[in-house]
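Residue numbers (the numbering used here), protein chains in the order written: chain Z, 1 to 241; chain Y, 1 to 209. All C-beta atoms, glycine included, are put in the ideal place defined by N, C-alpha and C. From a predicted model like this one, the values you see are computed outputs, not experimental measurements. Below is one structure; the comments refer to it alone.
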Amino acid sequence: MKKELKIKETQTKQKEQKRTNPLAHVFDDFIDFCQSKSLFMLHYCTGCGAIELPPAMTSRFDMERLGVQPMVTPRQADILLVTGYVSVKTLKRVILTYEQMQSPKYVIGICSCTVNGGMYWQSYATAKKLNEYMPVDVYIAGCMPRPEAVLEGLHRLKHNIKNDRKEQKGSAWKDYYQNYDYYLGNQQNLFGDEWQTPVDVIAEAKLYGLESDGTYGENTKKLEKVQQPLLEQEMKIRMKP
Amino acid sequence: MNKQLIDYILNAVNDIKVTHKRERRIRVDVEADSLTTLLESLKGQASFLHLSAITCVDWIEENQFELIYHVWSYEEKCLVSVHTRINRDRAKFVSVYDLYKPADFFERDIYEMFGVFFIGSPRMEKFILTEWFGMPPMRKDFDSEAYVQETFNWTEYNPDWLQELTDQGGGIAIKPEDIRMAGQLHNMSTHRERESAKKDQVVGKGWKS
């Protein structure tokens with residue numbers, strides 16, 4: 001059933017550390033600069049938008065001159081590029097992938113389908129708004145966007161990474177920890193109340209010091225009831241008789 | 001293609017209607033009872049070994065499901081499509097798994113998408129739609145649009161530059177909200193009413209040509 005959850009507008013409890021080092025901001029800027037210049041991108045090619053990526057990556061448009069490079073695993077990637085429609089079944093896998101990535105992490109939604117379902121808006125099987133289930137940094141609309149548009153989107157992302165701290169904007173990846181209750185609620189609406197992922201997001205939020213009022217709520221209480229601790233997997237090779 | 005042989009096999013079945021669509025394409029309409037017999041004799045006598053697909057069509061106004069079995073013979077080089085109709089309320093049919101092993105796969109798919117249960121099929125369980133617990137979505141009486149309206153939220157996008165264009169008389173011809181029809185069609189009773197209403201709406205608010 002349709003529910004409209006709202007993001008709680010509360011300020012984070014995060015303590016602002018007093019910065020005694022006069023060079024601290026210089027270092028911050030330097031770190032942001034470096035981060036924006038070297039991005040590994042995991043492209044989750046679920047839809048037709050993926051067809052625009054090979055020209056964007058290869059010599060014609062050459063994504064690598066922006067410092068963006070394809071990467072094979074979520075653990076090593078900085079950007080999760082969701083290209084095209086996300087079916088409900090795929091969305092589970094996208095969320096698992098997203099949660100495996102290490103912070104700071106960024107999400108780009110390509111094509112109209114990630115914005116609003118695109119041409120599959122009538123379909124029972126596709127999820128409509130990607131940013132209900134995970135924070136999205138940049139949307140690139142179009143059906144499909146040309147490689148120029150993809151590069152433009154990456155430029156925007158780089159700009160954001162460089163300037164978010166200066167302009168005191170919150171990054172999107174922090175939002176996942178700060179408003180985990182909202183995102184979890186939307187996920188539960190779709191997948192049922194027994195939904196859980198192998199990643200303990202609340203523990204991660206504590207680790208990063210990003211807990212806030214939005215981290216906890218009704219939905220996380222539901223999760224606590226069903227959540228099972230992770231067990232070690234037995235390593236076994238199954239031989240055929 | 002040995003036409004005599006195939007005609008001989010087909011005409012052995014009661015109440016059969018044979019249509020030769022093209023040289024190597026034959027459409028056959030049979031009663032549901034004699035379908036397995038026909039397939040068996042096609043397989044045994046003319047080596048129709050390959051079951052290409054089983055298709056299901058939902059004829060909601062006639063309250064029937066149509067099942068279509070496409071079988072191909074490598075020796076005769078001929079495709080026979082066997083059509084049969086079953087009652088929609090008692091959507092059950094006999095599996096042809098013991099004749100054709102791939103039928104397992106097709107029957108499972110049809111069971112999931114249309115809810116036709118195949119008696120004797122080895123795995124009548126969830127296949128692709130593992131997260132789906134509603135009614136079978138390919139049935140005509142499943143209203144995908146209404147389901148979508150009930151389940152999902154939409155992104156609203158009204159930027160300033162679009163407003164400027166609209167003031168000048170341009171902009172978007174049909175707003176997304178109008179296309180989505182705001183669940184009005186859900187209340188209409190029959191499929192046909194819904195279709196006509198859809199047309200009216202498109203014409204009424206429709207294209208600025």
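Asked                                                                                                                                                                            : Found
With 16 as the cutoff for other CB atoms within 10 Å, does W161(Y) come out buried or exposed?                                                                                   : exposed
How about Q201(Y): is its C-beta nearer than 9 Å to some C-beta of chain Z?                                                                                                      : Since pLDDT at Q201(Y) reaches only 47, below the 50 mark, its modelled position is unreliable, and no value is offered.
Would Y176(Z) and V94(Z) qualify as a contact pair, given that the criterion is a beta-carbon distance under 9 Å?                                                                : no
Among all the DSSP beta bridges, which residues are the ones paired with H83(Y)?                                                                                                 : D29(Y) and I68(Y)
Look at P137(Y) and S144(Y) and say whether their C-beta atoms are less than 9 Å apart.                                                                                          : yes
Taking 6 Å as the limit between beta carbons, can you name the residues of its chain near A56(Z), skipping five residues before and five after?                                  : M63, P147 and V150
Does DSSP put L80(Z) in a helix, a strand or coil?                                                                                                                               : strand
Which of the three DSSP states is assigned to D143(Y) in this structure?                                                                                                         : coil
On the DSSP letters alone, give me the boundaries of the beta strand (DSSP E) that I16(Y) sits inside.                                                                           : From DSSP, I16(Y) is part of no beta strand (DSSP E); its letter is neither H nor E.
Is the beta carbon of P145(Z) sitting closer than 9 Å to the one on G49(Z)?                                                                                                      : yes
Quick one: which chain Z residues come within Cβ less than 9 Å of W154(Y)?                                                                                                       : N116, G117, W121, K128 and K129
Which residue from F118(Y), E40(Y) and P102(Y) puts its Cα closest to that of F65(Y)?                                                                                            : F118(Y)
Determine whether the Cβ of V212(Y) lies closer than 9 Å to any Cβ atom of chain Z.                                                                                              : Here chain Y comprises residues numbered 1 to 209, so residue 212(Y) is not present and cannot be evaluated.
Using only the alpha-carbon positions, how far apart do K76(Z) and V107(Z) sit?                                                                                                  : Contrary to the premise, residue 76(Z) reads as Gln rather than Lys in this sequence. Cα to Cα, Q76(Z) sits roughly 14 Å from V107(Z).
My assumption, with CB atoms under 8 Å, is that Y133(Z) sits in contact with Y183(Z). Please give the rounded CB distance.                                                       : 6 Å
Any beta-carbon of chain Z closer than 9 Å to the one on G134(Y)?                                                                                                                : yes
Within a Cβ cutoff of 7 Å, which residues of the same chain sit near E112(Y), ignoring the five residues on either side of it in sequence?                                       : K126, F127, I128, L129 and P136
Are any of the Cβ atoms in chain Z nearer than 9 Å to that of P159(Y)?                                                                                                           : no
Indicate whether the contact test is met: 3 or more Cβ pairs, each with one atom in the region 35 to 44 of chain Z and one in the region 153 to 163 of chain Z, closer than 8 Å. : yes
Show which residues of chain Z have a CB atom less than 8 Å away from the CB atom of Y147(Y).                                                                                    : Y124
Give, in chain order, every unbroken run of the beta strand (DSSP E) that is at least 3 residues long and sits entirely within the region 92 to 149 of chain Z.                  : 106 to 110 and 138 to 140
Taking the alpha-carbon of N116(Z) as reference, which of T46(Z), K128(Z) and T197(Z) has the nearest alpha-carbon?                                                              : K128(Z)
At a CB-CB cut-off below 7 Å, which residues of chain Z make contact with E177(Y)?                                                                                               : Within 7 Å Cβ-Cβ: nothing; E177(Y) doesn't reach chain Z, min ~11 Å.
To the nearest angstrom, how far is the alpha carbon of G206(Y) from that of I174(Y)?                                                                                            : With a pLDDT of 33 at G206(Y), under the threshold of 50, the modelled position of that residue is not reliable, and no figure is offered here.
Using DSSP's beta-bridge definition, name the partner residues of F117(Y).                                                                                                       : K92(Y)
Check Q168(Z) in the structure and name its three-state DSSP category.                                                                                                           : coil
Go to L53(Z), then tell me how far its alpha helix (DSSP H) extends in each direction, as first and last residue.                                                                : L53 to M57
With a Cβ-Cβ cutoff of 9 Å, do K105(Z) and L80(Z) count as a contact?                                                                                                            : yes
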